[in-house]
Amino acid sequence: MDQCAYVIAYRRDETGERRRNLDAVLRHVEPIAFAEVIVVEVDQVATPDLPSTVNHIQLRDSGPFNKSRAMNVGFAASSAQVVAFADADLISPIEEIELAVASVEDRFDATTPFDRIVDLDAHATAAVLADGRLPDLR
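If you count the sequence shown from 1, position 103 lands on 102 in numbering that gives the first Met the number 0, and the numbers rise without skipping.
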């Protein structure tokens with residue numbers, strides 16, 4: 000995992016729900032020894048107070064959210080041999096992320112860790128932020 004970057008495309012919303020989701024995702028992947036975690040934010044104003052371990056890239060843009068652009072910028076900014084792309088509102092079990100990265104390192108060009116996911120609604124986000132535990136997986 001020390002040769003893997005974890006890239007998250009992100010845009011704030013007025014309610015603060017997306018920020019809470021991002022915080023939950025960052026907390027969830029914290030135990031994984033990624034080479035780097037990159038949050039690419041597409042918005043006019045940068046989100047303050049992201050963890051110091053996160054490479055925060057700001058793309059100033061008030062137009063429609065361009066997730067593809069954010070992912071491309073995150074990929075270009077990474078120096079890792081393997082890049083994992085993630086959403087700021089979905090959590091996959093750590094074991095599945097690690098298995099997906101290992102399979103790319105060993106033999107595949109691409110894979111997905113989303114055998115099971117948690118879609119972060121307000122309840123699921125609160126649970127992850129409170130004690131790090133995952134709600135029931137779908």
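Where is the CB? At the ideal position from N, CA and C, for every residue including glycine.
Residue i (DSSP reduced to helix, strand or coil)
i, result
"N71", "helix"
"V44", "coil"
"L119", "coil"
"E29", "coil"
"N20", "helix"
"A129", "helix"
"G15", "coil"
"R137", "Here R137 scores only 49 on pLDDT, less than 50, and its place in the model is too uncertain to base an answer on."
Residue range of the beta strand (DSSP E) that includes residue i
i, result
"Q57", "V53 to L58"
Counted within 10 angstroms of its Cβ, other Cβ atoms place residue i as buried (16 or more) or exposed
i, result
"V127", "buried"
"R186", "Residue 186 lies beyond the stretch modelled for the chain, which goes from 0 to 137, so this question has no answer here."
"S51", "exposed"
"S102", "exposed"
"R10", "buried"
"G73", "buried"
"F33", "buried"
"V100", "buried"
"E104", "exposed"
"S77", "buried"
"D88", "buried"
"A23", "buried"
"V44", "exposed"
"A109", "exposed"
DSSP bridge partner residues for residue i (one or two, in chain order)
i, result
"E35", "A4"
- Task: Would you list, in sequence order, the uninterrupted beta strand (DSSP E) runs of no fewer than 3 residues that lie entirely inside the region 71 to 102?
- Result: Segments of the beta strand (DSSP E) lying fully in the region 71 to 102: 81 to 86.
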